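The numbering used here numbers the first residue of the sequence shown as 79 and each following residue consecutively.
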Amino acid sequence: MNVVIVLLVIFLVVAMLLAARLASARDRLLQRVWKFEASCASDRNAFRELQQENEKLREAGAWFQGLFSATRNMVFVFSAQTDGMPGPFLEINQAACTRLRYRDAELRKMTLADIQWIETPGIELGYKPSELAVLSTDYIKQRQINLATQPLRAFTQRVLDQGELTEEMEFRDRDGKRFPVVARAGKRTLGTTPVIILTAVEVSERKDIEKQLSECEQRLRHTFHTLPTGIAVYDRERKLKDVNPACLRIFGVPGIEEFRRFNMFDNPSIPGEIKAELAVGKDVRFEMPVAFDTAAGSDMISSRRDHAYFDVSICKYDLGKDAAKHGYYVYVLDMTKCRRAERNLSQREKQLLQDERLQALGTVIGGMTHDLKNILTPIIGFSEIIKQTTGPSSEIGKYATHIEEAADRANALVSDVLAFSRRESPDEVAREPIHVIPVIHEVLDQQHTRLPENIRIEKTIKTKQDLVMASADTLYQVLMNLCDNAVHAMQSQGGVLEVGLQDFHIKYVPCDKPPALPRGHYLRLSVRDTGTGIEPENLEHIFDPFFTTKPKGQGTGIGLAMVQNIIKQLRGSVKVASEIGKGTVFHVVLPLLERA
């Protein structure tokens, strides 16, 4: 009985131990099941994520394939061979097939060497005749191929070394026609194999445009350098950028650095209203006189020495929408010859009009001269008889003297008008060596006897060389006319009659200042008064025939015209300067006769 109980107890203990172990195993199994379920759930999530990633990759691949096929650029994928040459194309797009005119299958069997055109000049291998005797034809041919394909191997190696490369190439299509491209090559890795993706863009149209632009630029540059109009280009700060040869020639400067000294935007020759328009950005055109003769002593470097007239246009240019890219074109036309021609034409027209008037006057006077002489001759004769009969000191004799003097003046006036109307040429005028100083003394002595007390005479002779080719009568007539006009200008308020004589040399006379006297030794006879002066609007007419500012009955208007005519016949010139309220001065210039 005890044994049974012991065995039963042992069985119960064992059963309890087994139950405990089974419970522990069940717990562990449940934990493993739970872990497995968690793992399966994670795997399911990962699988779903992987499916999503695969779907994205598939969509990206489809998108990339569509982009690869639809792009207009030619795309080539290839790897480098062991010899360094590019291998067959691994991938190409439809644009490459279309432009090169190959089918897809054909192009995949080709390499970059088959579509790229490389100019290979004649190759000198430099073999000696003895070497050619032992070298095979295949070896020499392979050597030539290696040299010809060297640029391709170098290109492939540069892409592999640098990773990215852009070059201009020339491709050739199925028909052998060449066209330029810009190739962009990049190194990529396909698995463990490095590959090169090359994208080529045809630039034939761009090359044509560049060629046209280059030709247009050359034409513009040729036009800029050959155009006879002067052109200067300035930036927005008005700094000189370029100038053409015509502009340098017009200003008489050797180069662009010397031309910078001319200020084309702000100088005294530009009118004030033009400067105001320039300040607000307007295009302007104006005439700019430049006195090169007076500027010769300054820092202005120019081969010109005349007084020039330039037609200047300043125009603003704008390069696109960028306000910073603007500047100025300055166009310069030399109008000097045109202005001289206009002035000469105007003078000839005036001279022609004056000659016509004088011709008409000569015709009239020619018919009147003998009648007037016939009328004056008995008046003068009978006046002389009366003086002889009654005596010059008698009352009737004095009247006869006045009659004779008036008749003499009338006779002299008719002679002057007749001589002036004939307009004798310089070769027809009687000339001989004459000393001017004695003529001055004679005229001033006569002026002393009839001058009013409020006018005094001053004589300034600064030379002893006074010999000219003329006649005493003509010089007397010239000086007497000038002195009479000076006295008339001072008769109301008085003043000083100054007569001066001076010799000088003319080394240069600007050709635009008529009359242009040649270089030489000259004598200047000056008659100056301190009278009322001449109005500016009358100065240009004082030498016109029959023009006078004197009251009616006091002047004929031919005195100064006759003076000018005589001086021109003697190959000289006469100038006048006047200032209202201060007086007038006449300068008579005659060629000086050098003493033997």
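All C-beta atoms in this analysis are idealised placements derived from N, C-alpha and C, irrespective of residue type, glycine included. Small disclaimer: the values here were computed from a predicted structure and weren't measured.
Assigned exposure category for residue i - 16 Cβ within 10 Å defines buried
{"i": "phenylalanine 125", "result": "exposed"}
{"i": "methionine 640", "result": "buried"}
{"i": "arginine 606", "result": "buried"}
{"i": "valine 678", "result": "Summary: the structure shown does not reach residue 678, with the chain confined to residues 79 through 674, and so no result is reported for it."}
{"i": "threonine 271", "result": "exposed"}
{"i": "threonine 244", "result": "exposed"}
{"i": "glycine 342", "result": "At residue 342 the sequence reads methionine, which differs from the glycine that was named. Buried."}
{"i": "leucine 185", "result": "buried"}
{"i": "leucine 203", "result": "A caution first: leucine 203 carries a pLDDT of 48, below 50, which makes its placement in the model too unreliable to give a value."}
{"i": "alanine 386", "result": "buried"}
{"i": "valine 111", "result": "exposed"}
{"i": "isoleucine 645", "result": "buried"}
{"i": "arginine 602", "result": "buried"}
{"i": "valine 81", "result": "exposed"}
{"i": "leucine 648", "result": "buried"}
{"i": "methionine 568", "result": "buried"}
{"i": "threonine 267", "result": "exposed"}
{"i": "serine 117", "result": "exposed"}
{"i": "glycine 269", "result": "exposed"}
{"i": "glutamine 525", "result": "buried"}
{"i": "aspartate 92", "result": "The sequence shown places valine at residue 92, rather than the aspartate named in the question. It is exposed - the Cβ of valine 92 has fewer than 16 other Cβ atoms within 10 Å."}
{"i": "leucine 128", "result": "exposed"}
{"i": "glycine 308", "result": "buried"}
{"i": "leucine 190", "result": "buried"}
{"i": "phenylalanine 340", "result": "buried"}
Same chain, Cβ closer than 8 angstroms to residue i, neighbours up to 5 away in sequence not counted
{"i": "leucine 318", "result": "Ala310, Val311, Tyr312, Ile334, Phe337, Arg338"}
{"i": "leucine 671", "result": "Pro511, Leu545, Val546, Met547"}
{"i": "serine 282", "result": "Phe257, Pro258"}
{"i": "lysine 660", "result": "Thr608, Gly611"}
{"i": "alanine 485", "result": "Leu454, Ile457, Ile458, Ser461"}
{"i": "isoleucine 533", "result": "Val565, Met568, Gln569, Gly572, Gly573, Val574, Leu575"}
Secondary structure of residue i, DSSP reduced to three states
{"i": "valine 259", "result": "strand"}
{"i": "valine 155", "result": "strand"}
{"i": "lysine 360", "result": "coil"}
{"i": "histidine 583", "result": "strand"}
{"i": "serine 549", "result": "coil"}
{"i": "histidine 526", "result": "helix"}
{"i": "glutamate 520", "result": "helix"}
{"i": "tyrosine 122", "result": "The sequence shown places arginine at residue 122, rather than the tyrosine named in the question. Here arginine 122 sits in helix by DSSP."}
{"i": "glycine 469", "result": "coil"}
{"i": "threonine 189", "result": "coil"}
{"i": "isoleucine 533", "result": "strand"}
{"i": "threonine 421", "result": "According to the sequence displayed, residue 421 carries arginine and not threonine. Here arginine 421 sits in helix by DSSP."}
{"i": "proline 349", "result": "coil"}
{"i": "methionine 413", "result": "coil"}
{"i": "methionine 342", "result": "coil"}
{"i": "leucine 648", "result": "coil"}
{"i": "methionine 640", "result": "helix"}
{"i": "leucine 671", "result": "coil"}
Contacting residues, own chain, Cβ-Cβ under 7 angstroms from residue i (five flanking each side not counted)
{"i": "arginine 231", "result": "Gly162, Met163"}
{"i": "glycine 469", "result": "Gly475"}
{"i": "glutamate 169", "result": "Val155"}
{"i": "glutamate 482", "result": "Ile458, Ser461, Glu462"}
{"i": "alanine 369", "result": "His385"}
Residues near residue i by beta carbon distance below 6 angstroms, same chain, minus five either side
{"i": "arginine 314", "result": "His404, Gly405"}
{"i": "isoleucine 196", "result": "Pro229"}
{"i": "glutamine 642", "result": "Phe621, Val652"}
{"i": "leucine 210", "result": "Low confidence applies to leucine 210: its pLDDT is 49, below 50, so where it sits in the model is not reliable, and the reading given next is rough at best. Closer than 6 angstroms at the Cβ level, and outside the excluded window around leucine 210, lies no residue."}
{"i": "glycine 637", "result": "Asn559"}
message = With three or more C-beta pairs closer than 8 angstroms as the rule, is the segment 154 to 162 touching the segment 275 to 293?
response = yes
inquiry  = So, does the segment 349 to 366 touch the segment 297 to 306, judging by three or more C-beta pairs under 8 angstroms?
reply    = no
inquiry  = Going residue by residue through the segment 265 to 335, where are the continuous beta strand (DSSP E) segments of at least 3 residues, counting only ones entirely within it?
reply    = 271 to 280, 308 to 313, 318 to 321
query = Looking at C-beta atoms only, is the number of pairs between the segment 377 to 396 and the segment 419 to 426 that lie closer than 8 angstroms three or more?
reply = no
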